[in-house]
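Chains E and S, in that order, give the protein sequences.
Residue numbering for the first sequence follows this note's numbering, beginning at 23 and increasing consecutively.
Residue numbering for the second sequence follows this note's numbering, beginning at 23 and increasing consecutively.
Note that CB positions come from ideal geometry on N, CA and C, so glycine has one too.
2 protein chains.
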Amino acid sequence: MDCIDAGITSQQGLIAHGRGEAFDYLIGERTLKSARRATEVAAAMLLTANKPVLSVNGNVAALVAKDMIELSELLNAPLEVNIFYRTEERARKIKALLEKQGAKNVLGNTLDAKIQGIEHARAMVDREGIYSADVVLAPLEDGDRCEALMNMGKKVITIDLNPLSRTSKTATVSIVDDIARAMKNLVSMVKEKKNSKIDLAAFLVGYDNKALLKAVIEEIVVRLENEDLRV
Amino acid sequence: MDCIDAGITSQQGLIAHGRGEAFDYLIGERTLKSARRATEVAAAMLLTANKPVLSVNGNVAALVAKDMIELSELLNAPLEVNIFYRTEERARKIKALLEKQGAKNVLGNTLDAKIQGIEHARAMVDREGIYSADVVLAPLEDGDRCEALMNMGKKVITIDLNPLSRTSKTATVSIVDDIARAMKNLVSMVKEKKNSKIDLAAFLVGYDNKALLKAVIEEIVVRLENEDLRV
């Protein structure tokens, strides 16, 4: 709640957070096996990327700034402030929040390149950041922008509690999990894999994002069918 | 969005709205047959009540003020401003909004009676309103307060998109539908029944709120199982 007053999250961001809460309730407020597998794949994909970039919007900054900063350092990858309901003031505040918490490499103040396929105001990205990235971690991303990034040939990793969202359906890797749980897992998996001699490419073999989404839906169905309607 | 800036809805109200949106998506953004049946029962229950009262919180005022006012006139029942995150200023603003739109009978400024079983600040109601009502329409109500009203022997009709919420499970009649759709239906059913010679008591026979919730869950399961995961 502090973060909306501080101008970090938008009112639309709060509604989106509520939608996420409903789905988190439906998956039982825990990390599903399928989400753990997706997070492993995401960790390997980020570690083997040529140029990974981590996209930060208002909700991401409000909820997991510290983990995003730690991940940025582990991967030597920039953070890019990228917000849907953009005002320069809100972008500046998010950048300031990240830097105050120790972030050293934050892009997104000079948006000098355009993603194709979406309207101008929401399409602008940093030429040195998302525009030239091969792998983008874009948690809580909007469906249009996720699709536009995919169309540019990028691999997009998202974190989204709604397995039915266009973002989840579109992304290369969809981590259907609460962002705080997912980021904690992602940071620890990146740490672990970074210092191991394990073949990272092996994690990327045989991964099917649609199968993962189906597994999440099946978990929700089982939970709904076993719901106790007594108070 | 205007209503949060105007101090009508709270930030928690926006998150709650988002949770509702997720469930509305899952039921297909339409009025289910089960919800239509619940709304019929609610209309008959309000028309046969000795003292019906209509509870209005910030989200209700922001979304369906006009319908609540019309229902209040049709039933000759007072509206009562009753908000979870209460500040006197917000309560006053909600009352002013209702009166500006034509409401003539708005209670809730003098909270002089206490509902048993919940903490003081959230338990206060109007002695002339909810406290002495036999049937309370309390859309988008919190689970604790719904339960407390039930424990006082009142019949509680709620409107809540989440069939699994404690409010839905606790209420006498749970209309699992979007509040705008549900209120529109409720107003038109009250109008229709009010001027007919139909036996209203007959609508109340054989109504099982748990069966209704089960029917909603079954609709969601069918929808989930048929979800197309292609974009």
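Less than 7 Å between the CB of residue i and some heavy atom of the ligand MN, yes or no?
i, result
"alanine 64 (chain E)", "Although the ligand MN was asked about, the structure shown includes no ligands whatsoever."
Tell me which same chain residues have a C-beta within less than 6 Å of the C-beta of residue i, skipping the five on either side of it?
i, result
"proline 100 (chain E)", "Val75, Asn127, Leu129 and Gly151"
"methionine 23 (chain E)", "Confidence in methionine 23 (chain E) is poor, its pLDDT being 49 and thus under 50, which makes the residue's placement unreliable; the coordinate value appears in the next sentence. So the list is empty, once near-sequence residues are dropped."
"glycine 29 (chain S)", "Arg112 and Lys115"
"alanine 193 (chain E)", "Cys168, Val178 and Thr180"
"serine 32 (chain E)", "Gly80 and Tyr107"
"aspartate 134 (chain E)", "Arg149"
"tyrosine 229 (chain E)", "Val63"
"arginine 144 (chain S)", "none"
Taking residue i as the reference, give the member of the options with the closest Cα.
i, options, result
"alanine 87 (chain S)", "S:Asn131, S:Thr70 and S:Glu121", "S:Glu121"
"alanine 65 (chain S)", "S:Leu119, S:Gly175, S:Leu97 and S:Tyr47", "S:Leu97"
"glutamate 141 (chain E)", "E:Asp166, E:Asn131, E:Gln123 and E:Gly124", "E:Asp166"
"glutamate 95 (chain S)", "S:Lys219, S:Ala84, S:Ala125 and S:Ile105", "S:Ala125"
"methionine 67 (chain E)", "E:Val243, E:Ser196 and E:Arg245", "E:Ser196"
"arginine 58 (chain S)", "S:Leu235, S:Arg245, S:Glu249 and S:Asp250", "S:Leu235"
"leucine 159 (chain E)", "E:Ala237, E:Val103 and E:Pro185", "E:Val103"
"valine 227 (chain S)", "S:Tyr47, S:Gly42, S:Val63 and S:Gly35", "S:Val63"
"glutamate 249 (chain E)", "E:Tyr47, E:Leu36 and E:Glu43", "E:Tyr47"
"glutamate 110 (chain S)", "S:Leu85, S:Met146 and S:Ala84", "S:Met146"
"alanine 71 (chain E)", "E:Leu222, E:Ala237 and E:Ser187", "E:Leu222"
"glutamate 43 (chain E)", "S:Lys219, S:Arg144, S:Ser187 and S:Arg245", "S:Ser187"
"alanine 237 (chain S)", "S:Glu51, S:Pro185, S:Gln34 and S:Lys219", "S:Pro185"
Classify residue i: buried if its beta carbon has 16 or more other beta carbons within 10 angstroms, exposed otherwise.
i, result
"alanine 224 (chain S)", "exposed"
"lysine 232 (chain S)", "exposed"
"aspartate 200 (chain E)", "buried"
"threonine 189 (chain S)", "buried"
"valine 253 (chain E)", "exposed"
"isoleucine 239 (chain S)", "buried"
"asparagine 131 (chain E)", "exposed"
"asparagine 217 (chain E)", "exposed"
"lysine 117 (chain E)", "buried"
"alanine 38 (chain S)", "buried"
"glutamate 163 (chain E)", "buried"
"isoleucine 105 (chain E)", "buried"
"valine 244 (chain E)", "exposed"
From the DSSP secondary-structure annotation, give me the bridge partner or partners of residue i.
i, result
"serine 56 (chain S)", "According to DSSP, serine 56 (chain S) bridges with nothing at all."
"leucine 208 (chain S)", "Beta-bridge pairing links leucine 208 (chain S) to no other residue."
"lysine 177 (chain S)", "S:Val157"
"lysine 136 (chain S)", "S:Met146"
"leucine 76 (chain S)", "S:Leu101 and S:Leu159"
"isoleucine 220 (chain S)", "For isoleucine 220 (chain S), which the question treats as bridged, DSSP gives no partner whatsoever."
"leucine 129 (chain S)", "S:Glu102"
"serine 196 (chain E)", "E:Thr180"
Round the Cβ separation of residue i and residue j to the nearest angstrom and send it over; I've been treating them as touching at under 8 Å.
i, j, result
"glutamate 254 (chain S)", "isoleucine 49 (chain S)", "Residue 254 (chain S) cannot be examined here, being either before or after the span of chain S that is shown, 23 to 253."
"leucine 69 (chain E)", "lysine 215 (chain E)", "6 Å"
"valine 157 (chain E)", "lysine 136 (chain E)", "Contact doesn't hold; Cβ gap of about 20 Å is too wide."
"serine 191 (chain S)", "leucine 251 (chain E)", "Inspection of the sequence shows that residue 191 (chain S) is occupied by lysine rather than by serine. Going by Cβ atoms, the distance from lysine 191 (chain S) to leucine 251 (chain E) rounds to 6 Å, so yes, they are a contact pair."
"leucine 183 (chain S)", "phenylalanine 45 (chain S)", "4 Å"
"leucine 36 (chain S)", "leucine 36 (chain E)", "4 Å"
Apart from the five residues on each side of it in sequence, which residues of its chain come closer than 7 Å, Cβ to Cβ, to residue i?
i, result
"serine 154 (chain S)", "Lys73"
"proline 161 (chain S)", "Val82, Thr180, Ile181 and Ile201"
"leucine 93 (chain S)", "Leu76, Leu208, Val209 and Val212"
"glutamine 123 (chain S)", "Ala87, Lys88 and Ile91"
"glutamine 34 (chain E)", "Tyr107"
"isoleucine 220 (chain S)", "none"
Going along the chain, which residues of its own chain have a beta-carbon closer than 8 Å to the beta-carbon of residue i, five neighbours each way excluded?
i, result
"asparagine 173 (chain E)", "Gln138 and Gly139"
"alanine 204 (chain E)", "Thr53, Ala57, Thr61, Pro161, Ile181 and Ile197"
"glycine 40 (chain S)", "none"
"lysine 206 (chain E)", "Asp89"
"glutamate 51 (chain E)", "Asp200"
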